[in-house]
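K.L.:
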Amino acid sequence: MSKFKGSKKRDLKHQESSSSMTVDKIIAKMEDGMTMTRFYPTGKRKPENRVYYVNVARMIFYWTRPDRHDRPVEGSVKIREVKVIRKSNFSKDFEKNVDYLKKVDSNCCLVILYGTTFNLKSLSCIAQTAQECSYWVEGLTHLMNKNVPHPTVVSRWLQMEWNMLVPIKQNGITMKELKTFLIRSNIKMNVAEMTEKIKKLDVNNNAVIDFKGFKAFYESLMNQQAIGKYFYTLSKDNWKNVLFKHFKSFLMMEQK
Numbered sequence: 001m002s003k004f005k006g007s008k009k010r011d012l013k014h015q016e017s018s019s020s021m022t023v024d025k026i027i028a029k030m031e032d033g034m035t036m037t038r039f040y041p042t043g044k045r046k047p048e049n050r051v052y053y054v055n056v057a058r059m060i061f062y063w064t065r066p067d068r069h070d071r072p073v074e075g076s077v078k079i080r081e082v083k084v085i086r087k088s089n090f091s092k093d094f095e096k097n098v099d100y101l102k103k104v105d106s107n108c109c110l111v112i113l114y115g116t117t118f119n120l121k122s123l124s125c126i127a128q129t130a131q132e133c134s135y136w137v138e139g140l141t142h143l144m145n146k147n148v149p150h151p152t153v154v155s156r157w158l159q160m161e162w163n164m165l166v167p168i169k170q171n172g173i174t175m176k177e178l179k180t181f182l183i184r185s186n187i188k189m190n191v192a193e194m195t196e197k198i199k200k201l202d203v204n205n206n207a208v209i210d211f212k213g214f215k216a217f218y219e220s221l222m223n224q225q226a227i228g229k230y231f232y233t234l235s236k237d238n239w240k241n242v243l244f245k246h247f248k249s250f251l252m253m254e255q256k
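This is the structure in structure tokens:
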């Protein structure tokens with residue numbers, strides 16, 4: 001569990017200022033994992049230790065149970081969905097555990113708000129030291145503000161989609177998984193079109209495509225010549241711009 005108030009002064013003497021560490025070193029420590037005590041919104045569930053990691057390649061942070069040797073991922077959050085990260089002991093999760101919170105150094109308390117809807121989710125934790133709490137605030141803030149090239153964003157997204165699609169103990173996906181991907185991406189395609197595309201990508205002639213084929217499938221969806229024809233009909237100034245009202249009309253017609 002996290003350090004208590006009585007040890008605060010003793011800890012501060014040995015702590016290294018986070019400002020003396022480069023952001024790269026801070027993120028490296030986060031990639032190695034740090035143990036924090038997580039609080040839950042229901043008072044019935046006691047605070048529990050979890051090991052928190054950052055995966056920069058996938059731009060997520062995730063957590064595992066410290067008592068499991070295989071360390072399966074228990075939960076994860078996309079860094080782009082993080083809206084607020086702060087040192088604080090004010091959150092609904094902490095409010096449900098007031099008695100426990102009284103014994104804890106407030107400088108170790110961390111609150112992360114995340115989500116894609118109006119009502120954000122919260123993650124309330126207590127780091128083992130105030131220093132490690134600062135690492136998470138500085139490291140996540142840096143990653144949140146990091147400008148990532150669009151091709152890199154697409155590549156990471158495709159990798160995550162692939163990981164969700166591939167069946168357990170399989171190395172590829174079939175038409176069934178591709179249909180799931182299309183539905184999730186709001187893309188319409190009939191069976192004949194899908195069959196034709198799979199034939200071109202199925203190098204082993206077994207109706208299964210690998211990740212390389214999946215990327216090629218995605219690129220074929222994005223690079224459609226028909227889009228140019230649509231743009232020409234919508235553009236009123238020699239292919240330079242499309243007015244919002246025309247683009248809105250296009251979306252309303254195509255997404256019926």
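UniProt numbering puts the first residue of the sequence shown at 1, with every later residue one more than the last. Positions of the beta carbon are idealized from the N, C-alpha and C atoms, including for glycine.
So what's R71 in DSSP terms, helix, strand or just coil?
P.N.:
Mapped onto the sequence shown, residue 71 falls at position 71. Correct three-state label for R71: coil.
K.L.:
What residue range is occupied by the uninterrupted beta strand (DSSP E) comprising A127?
P.N.:
Numbered from its first residue, the sequence shown carries residue 127 at position 127. Run containing A127: 121-127, per the beta strand (DSSP E) assignment.
K.L.:
Please report the straight-line C-alpha distance between K78 and M59, rounded to a whole angstrom.
P.N.:
By one-based count along the sequence shown, residue 78 stands at place 78. By one-based count along the sequence shown, residue 59 stands at place 59. Using only the alpha carbons, I get a separation of about 6 Å.
K.L.:
K245: buried (16+ other C-beta within 10 angstroms of its C-beta) or exposed?
P.N.:
For the purposes of this step, residue 245 is taken as residue 245 along the sequence shown, with counting starting at 1. Looking at its Cβ environment, which holds fewer than 16 other Cβ atoms inside 10 Å, K245 is exposed.
K.L.:
Quick one, which of S220, N171, D24, P47 has its alpha-carbon nearest Y100's?
P.N.:
Counting from one through the sequence shown, the residue named residue 100 turns up at place 100. Of the listed residues, the one whose Cα sits closest to Y100 is P47.
K.L.:
Could you check the C-alpha separation between T129 and C108 for me, to the nearest Å?
P.N.:
To locate residue 129, count along the sequence shown from 1; it is residue 129. To locate residue 108, count along the sequence shown from 1; it is residue 108. If you take the alpha carbons of T129 and C108, they lie about 6 Å apart.
K.L.:
Just to confirm, is the Cβ distance from T174 to V203 under 9 Å?
P.N.:
Taking the first residue of the sequence shown as position 1, residue 174 is located at position 174. Taking the first residue of the sequence shown as position 1, residue 203 is located at position 203. No, the pair does not count as a contact, with Cβ atoms beyond the cut-off.
K.L.:
Nearest-angstrom Cα distance between I112 and T233?
P.N.:
The residue labelled residue 112 in the question sits at position 112 within the sequence shown. The residue labelled residue 233 in the question sits at position 233 within the sequence shown. C-alpha of I112 to C-alpha of T233: approximately 46 Å in a straight line.
K.L.:
Count the other CB atoms, across all protein chains shown, that sit within 10 Å of the CB of R68; report buried if there are 16 or more and exposed otherwise.
P.N.:
Taking the first residue of the sequence shown as position 1, residue 68 is located at position 68. Exposed, since its Cβ has fewer than 16 Cβ neighbours within 10 Å.
K.L.:
Can you check which of these residues, M34, N89, A57, is closest to R65 by C-alpha distance?
P.N.:
Indexing the sequence shown from 1 puts residue 65 at position 65. Nearest option by C-alpha distance: M34.
K.L.:
Specify, as a first and last residue, the run of the beta strand (DSSP E) that F90 falls within.
P.N.:
Here residue 90 corresponds to residue number 90 of the sequence shown, with the count starting at 1. No beta strand (DSSP E) holds F90; DSSP gives it neither H nor E.
K.L.:
Looking at F94 and F39, is the spacing between their C-beta atoms short of 9 Å?
P.N.:
On the sequence shown, position 39 is the one that residue 39 refers to. On the sequence shown, position 94 is the one that residue 94 refers to. It is a contact, given that the beta carbons lie within the stated cut-off.
K.L.:
Would you decide whether T116 is buried or exposed? Buried here means 16 or more other CB atoms lie within 10 Å of its CB.
P.N.:
Start at 1 with the first residue of the sequence shown, and residue 116 comes out as number 116. Looking at its Cβ environment, which holds fewer than 16 other Cβ atoms inside 10 Å, T116 is exposed.
K.L.:
Have a look at the DSSP bridge pairing and note the partners of R50.
P.N.:
For the purposes of this step, residue 50 is identified with residue 50 of the sequence shown, where counting begins at 1. Looking at the DSSP assignment, R50 forms a beta bridge with M36.
K.L.:
Quick check on K176: does DSSP put it in helix, strand or coil?
P.N.:
Counting from 1 along the sequence shown, the entry for residue 176 is found at position 176. Looking at K176 - three-state DSSP - the assignment turns out to be helix.
K.L.:
Output needed for R50: all residues of its chain with C-beta closer than 6 Å, excluding positions within five of it in sequence on either side, in chain order.
P.N.:
In the sequence shown, the residue the question calls residue 50 occupies position 50. Cβ neighbours of R50 beyond the five flanking positions: R38, W63.
K.L.:
From the DSSP output, in three-state form, read off F118 for me.
P.N.:
For this step, residue 118 is matched to residue 118 along the sequence shown. Coil, per DSSP.
K.L.:
Can you tell me whether S134 is buried or exposed? The criterion is at least 16 other CB atoms within 10 Å of its CB, across all chains shown.
P.N.:
Taking the sequence shown and counting its residues from 1, one reaches residue 134 at position 134. Around the beta carbon of S134, 16 or more other beta carbons sit within 10 angstroms, so the residue counts as buried.
K.L.:
Note down, in chain order, each residue of its chain lying with its Cβ closer than 6 Å to the Cβ of R86, except the 5 sequence neighbours on either side.
P.N.:
Counting from 1 along the sequence shown, the entry for residue 86 is found at position 86. Excluding sequence neighbours, R86 sits near V111.
K.L.:
Could you check the C-alpha separation between S2 and N97 for me, to the nearest Å?
P.N.:
Sequence index remark: in the sequence shown, residue 2 carries index 2 (1-based). Sequence index remark: in the sequence shown, residue 97 carries index 97 (1-based). Note that S2 has pLDDT 46, beneath the 50 cutoff, so the model's placement of it is unreliable and the number below is only indicative. Going by the C-alpha atoms only, they are around 14 Å apart.
K.L.:
For T152, report the span of its alpha helix (DSSP H) as first-last.
P.N.:
Counted from its first residue, the sequence shown places residue 152 at position 152. Taken as a continuous stretch (DSSP letters only), the alpha helix (DSSP H) holding T152 covers 150-165.
K.L.:
Counting Cβ pairs closer than 8 Å, one from the stretch 157-169 and one from the stretch 131-148, do we hit at least three?
P.N.:
no
K.L.:
Enumerate in chain order the residues of its own chain whose CB-to-CB distance from L165 is below 7 Å, with the five nearest sequence positions on each side excluded.
P.N.:
In the sequence shown, counting from the first residue as 1, residue 165 sits at position 165. Correct list, in chain order: I173, E177, T180, F181.
K.L.:
In whole angstroms, give me the CA-to-CA distance for S7 and D70.
P.N.:
Numbered from 1 along the sequence shown, position 7 holds the residue referred to as residue 7. Numbered from 1 along the sequence shown, position 70 holds the residue referred to as residue 70. Note that S7 scores 39 on pLDDT, short of 50, meaning its location in the model is unreliable; the coordinates nonetheless yield the value given after this. S7 and D70: Cα-Cα distance of roughly 33 Å.
K.L.:
I want to see whether chain C comes within less than 9 Å of K199, judged by CB atoms only; does it?
P.N.:
Absence of chain C from the displayed structure is noted, only one protein chain being present.
K.L.:
According to the neighbour-count rule (16 or more other Cβ atoms, all chains shown, within 10 Å of its Cβ), is A57 buried or exposed?
P.N.:
Numbered from its first residue, the sequence shown carries residue 57 at position 57. By the neighbour-count rule (16 or more Cβ atoms within 10 Å), A57 is not buried but exposed.
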